[in-house]
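Below is one structure, written out as structure tokens, with a few remarks after it.
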Amino acid sequence: MKGRVKSAILIFLSLFCFNANATEKEKIIRLHVGSVKSLDVGKVLRVAVGIDTILGSSILDNGELLLIPKAAGETDLKIWKKGERINTYKVIITASDTKRQIETLSSVLRSFHKVNVRDVNGILILEGKISPDHFENFQGIVAQFPGVINMVSPEDVLMKDMINFKVQVLEVNKSYAKKLGISWDRSTAGPSIGYVQNFHANGRYVVTNPDSPFGQGLFDADNPIIGFNDSSSHSFFGIASSLSSRINLLKEDGAARTLAEPNLSTRSGEEANFHSGGEYPLAVLNEFGQPVVQMQDYGIQLSIKPISDEYGNIVSTVRAEMSNIDFSVVVNGVPGLLTRNTESVVNLKSGETMIISGLLQSSDSKNVEKMPIMGDIPILGELFKSKNFVENRSELIILVTPTIVTPDKALPETLSKHLKSLHKVLSQSKIEDELLD
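Using our numbering, read the sequence shown as starting at 1 and increasing by one per residue.
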């Protein structure tokens, strides 16, 4: 009896050890639909796939086992080899190559800095917030990646940069203009605008005032909005650097003077306007053919609409206009308006200076004699009283210098110090009250 019990125990232990050796720790194989993987496992007796609808297998003549994923999912794979234990694998199949898709998404969406790509068991999830201005464009891009879960939402309150414009309106002696260092073919620093270069005239483009001491400009002969459509007036947009010291030297020499220094501020994407002049009653006909009076602005007008990015770049639409009462054209006793304007899109860095020239010419001063009230207009009045300008020895130029003020730096340093001091006083007062109590 005892011998039989011992034999049974030995047989049980032998079977247990055999089963333990017949299997090994489960290994994981990761595949994605559309790929093929081969395993060099030697001579195989049998292969079993748990779910053959998502994974196919084929044994090649050289002993390799070919795995062909059919659909996303998970299944078991068992391989029997002669005289060896069973090889067990867990096969995880994803719909696509997750790693490659993450790299592609990250590359495409790199301009959206607050968007993160996360992989959850082969499923890609987009998270974060972006500007409402870019949300529609973002949605269109993500739509090109099927199967990606988009959890990105637009920012509730968008804190855009504030852009401050320091505007200087100057009268500069033409013979001293070169002292400003503005020479477009030898620019000292900063990028240059496309049409502010040393161009040659042709049938399409013409050079404006190639002898101007302020450099050369270019405008489209068929599109007067870029340059002045006036042979006696010349203009350009340009970028200059280190102008402040040069202008101060010219002022000390009496070769330049400041007519106005307004400061404009606007939000990135919004418009800032400056107007120095007045309103002129202009008679027009309404829809019923009856004469009515409309107030028309005249003088110097400047409109700037900038857009900034996080790298300190500014793309700005700039429109400058000079309108003057024209007594050479009189209808029913009402003089007309002579208007010169230019509009362009410029690229600037924060702190760089743009120059506008050619808005006014000396012949305009003759209108002051016919309408003395124009002599009281800010900027224009001072300019028309200048003997140098009347005799065409000086020129009006406008310098515009944008500076980006980010939301976290929008609070002036002086005000910030005052607030800290006030907070300190209030804290000390609170402590004293507690001690008295």
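Beta carbons: idealized from backbone N, C-alpha and C, even for Gly.
Task: Nearest-angstrom Cα separation, counted from E103 out to V142 - done: As a first step, residue 142 is located in the sequence shown; it is residue number 142 there, counting from the start. As a first step, residue 103 is located in the sequence shown; it is residue number 103 there, counting from the start. Taking the straight line joining both Cα atoms gives about 14 Å.
Open item on the list: Would L67 and L60 be called neighbours here (beta carbons separated by less than 8 Å)?
Closed with: On the sequence shown, position 67 is the one that residue 67 refers to. On the sequence shown, position 60 is the one that residue 60 refers to. Not closer than 8 Å, so no.
- [ ] Use the C-beta contact count for A283: other C-beta atoms within 10 angstroms, 16 or more gives buried, fewer gives exposed.
- [x] Reading the sequence shown from its first residue, position 283 is the one you call residue 283. By the neighbour-count rule (16 or more Cβ atoms within 10 Å), A283 is not buried but exposed.
Task: Buried or exposed (CB count within 10 angstroms, at least 16 for buried), V91 - done: Within the sequence shown, residue 91 is the residue found at index 91, counting from 1. By the 10 Å Cβ count, V91 comes out buried.
Task: Through-space distance from G73 to S265, alpha-carbon basis - done: Translated into the one-based positions of the sequence shown, residue 265 becomes position 265. Translated into the one-based positions of the sequence shown, residue 73 becomes position 73. Computed Cα separation, rounded: 58 Å.
- [ ] Provide the residue(s) that pair with L109 in DSSP beta bridges, ordered along the chain.
- [x] In the sequence shown, counting from the first residue as 1, residue 109 sits at position 109. Partner(s): none; L109 has no beta bridge.
- [ ] Go through the segment 78–134 residue by residue and report every complete run of the alpha helix (DSSP H) that reaches 4 residues or more, in order.
- [x] 98–108
Task: Supposed contact pair I29 and Y89 - C-beta distance, whole angstroms, cut 8 Å - done: On the sequence shown, residue 89 is found 89 positions in, with the first residue counted as 1. On the sequence shown, residue 29 is found 29 positions in, with the first residue counted as 1. Sure, about 5 Å apart at Cβ, within 8 Å.
Task: Cα-Cα separation, N313 to S268 - done: On the sequence shown, residue 313 is found 313 positions in, with the first residue counted as 1. On the sequence shown, residue 268 is found 268 positions in, with the first residue counted as 1. Rounded to the nearest angstrom, the two C-alpha atoms are 11 Å apart.
Task: Buried versus exposed call for N87 [16 or more other C-beta atoms within 10 Å across all chains shown] - done: Numbered from its first residue, the sequence shown carries residue 87 at position 87. It is buried - the Cβ of N87 has at least 16 other Cβ atoms within 10 Å.
Open item on the list: What does the alpha-carbon distance come out to for the pair K70 and H113?
Closed with: Position 70 of the sequence shown, counting from 1, holds the residue named residue 70. Position 113 of the sequence shown, counting from 1, holds the residue named residue 113. Cα to Cα, K70 sits roughly 36 Å from H113.
TODO: Determine the closest residue to H275 out of G299, V405, N286, with distance taken between C-alpha atoms.
DONE: Numbered from 1 along the sequence shown, position 275 holds the residue referred to as residue 275. Checked all of G299, V405, N286; the closest Cα to H275 is G299.
- [ ] Report yes or no: is there a C-beta of chain B within less than 8 Å of the C-beta of I247?
- [x] In the structure shown, chain B does not exist; there is a single protein chain.
- [ ] On a CA-only basis, which of L126, N164, G56, I355 is nearest G147? Give me that one, please.
- [x] Against the sequence shown, residue 147 aligns to sequence position 147. Minimum Cα distance to G147 is reached at L126.
Task: Alpha-carbon to alpha-carbon, V400 and S344 - done: Stepping through the sequence shown from its first residue, residue 344 is reached at position 344. Stepping through the sequence shown from its first residue, residue 400 is reached at position 400. S344 and V400: Cα-Cα distance of roughly 14 Å.
Task: Nonlocal neighbours in the same chain, by C-beta distance under 7 Å from T75, ignoring five residues either side - done: One-based indexing of the sequence shown puts residue 75 at position 75. Once the five neighbours on either side are set aside, the close Cβ partners of T75 are V49, G50, I51, I54, L55, V91.
- [ ] Consult DSSP for F145 and reduce its assignment to one of helix, strand or coil.
- [x] In the sequence shown, the residue the question calls residue 145 occupies position 145. Coil.
Task: Backbone CA spacing between N173 and K160 [nearest angstrom] - done: The residue labelled residue 173 in the question sits at position 173 within the sequence shown. The residue labelled residue 160 in the question sits at position 160 within the sequence shown. In a straight line, the C-alpha of N173 is about 40 Å away from that of K160.
Task: Residue closest to T353, alpha-carbon to alpha-carbon, out of I404, Q139, V36, E321 - done: Within the sequence shown, the letter at position 353 stands for residue 353. With distances taken between Cα atoms, T353 lies closest to I404.
Open item on the list: Can you give me the C-alpha to C-alpha distance between S308 and M162, rounded to a whole angstrom?
Closed with: By one-based count along the sequence shown, residue 308 stands at place 308. By one-based count along the sequence shown, residue 162 stands at place 162. C-alpha of S308 to C-alpha of M162: approximately 9 Å in a straight line.
- [ ] Could I get the ranges of all uninterrupted alpha helix (DSSP H) runs contained in the segment 239–288, with 4 residues as the minimum, in chain order?
- [x] 243–252
Task: For V329, the nearest candidate out of M322, L337, S323 (CA to CA) - done: The residue you call residue 329 lines up with position 329 of the sequence shown. Among M322, L337, S323, the Cα nearest to that of V329 belongs to L337.
- [ ] State the Cα-Cα distance for the pair F288 and P335, rounded to the nearest angstrom.
- [x] Taking the first residue of the sequence shown as position 1, residue 288 is located at position 288. Taking the first residue of the sequence shown as position 1, residue 335 is located at position 335. Answer to the nearest angstrom: the Cα atoms are 23 Å apart.
- [ ] Put G140 into one of helix, strand or coil per three-state DSSP.
- [x] As a first step, residue 140 is located in the sequence shown; it is residue number 140 there, counting from the start. DSSP places G140 in helix when its eight states are reduced to three.
- [ ] Would you kindly check if the distance between the Cβ of E171 and the Cβ of A260 is under 8 Å?
- [x] By 1-based counting over the sequence shown, the position of residue 260 is 260. By 1-based counting over the sequence shown, the position of residue 171 is 171. No, they are not a contact pair.
Open item on the list: Do Q301 and E321 have their beta-carbon atoms positioned less than 8 Å apart in this structure?
Closed with: Along the sequence shown, one-based indexing puts residue 321 at 321. Along the sequence shown, one-based indexing puts residue 301 at 301. Their beta carbons are under 8 Å apart, which means E321 touches Q301 by this criterion.
- [ ] Taking only the alpha-carbon atoms, compute the straight-line gap between V33 and A95 and give it to the nearest angstrom.
- [x] Taking the sequence shown and counting its residues from 1, one reaches residue 33 at position 33. Taking the sequence shown and counting its residues from 1, one reaches residue 95 at position 95. C-alpha separation (whole angstroms): 5 Å.
Task: Own chain, CB closer than 7 Å to L348, minus 5 neighbours either side, in chain order - done: In the sequence shown, residue 348 corresponds to position 348, counting from 1. Here the set comprises I239, I314, S316, M354, P402.
Open item on the list: Measuring straight from C-alpha to C-alpha, what distance separates I397 and V169?
Closed with: Locating residue 397 in the sequence shown gives position 397, counting from the first residue. Locating residue 169 in the sequence shown gives position 169, counting from the first residue. Cα to Cα, I397 sits roughly 6 Å from V169.
- [ ] Have a look at the DSSP bridge pairing and note the partners of M159.
- [x] By one-based count along the sequence shown, residue 159 stands at place 159. None; M159 has no bridge partner.
Open item on the list: Assuming Q296 is part of the beta strand (DSSP E), what are its boundary residues?
Closed with: For the purposes of this step, residue 296 is identified with residue 296 of the sequence shown, where counting begins at 1. Annotation for Q296: the continuous beta strand (DSSP E) segment containing it runs 291–308.
Open item on the list: Just verifying my parser: in three-state terms, what is the DSSP assignment at K43?
Closed with: Position 43 of the sequence shown, counting from 1, holds the residue named residue 43. If DSSP states are grouped into helix, strand and coil, K43 belongs with coil.
- [ ] Find out if the Cβ-Cβ distance for the pair N324, S303 is shorter than 8 Å.
- [x] Indexing the sequence shown from 1 puts residue 324 at position 324. Indexing the sequence shown from 1 puts residue 303 at position 303. Cβ atoms of N324 and S303: not closer than 8 Å.
Task: G277 burial status per 10 Å Cβ neighbour count (16 or more: buried) - done: By 1-based counting over the sequence shown, the position of residue 277 is 277. With 16 or more other Cβ atoms within 10 Å, it is buried.
Open item on the list: What does the Cβ neighbour count give for R110, buried or exposed, with the cut at 16 atoms within 10 Å?
Closed with: Taking the sequence shown and counting its residues from 1, one reaches residue 110 at position 110. Per the 10 Å Cβ criterion, exposed.
Task: Rounded C-alpha distance that separates S106 from T406 - done: Here residue 106 refers to the residue found at position 106 of the sequence shown. Here residue 406 refers to the residue found at position 406 of the sequence shown. Answer to the nearest angstrom: the Cα atoms are 27 Å apart.
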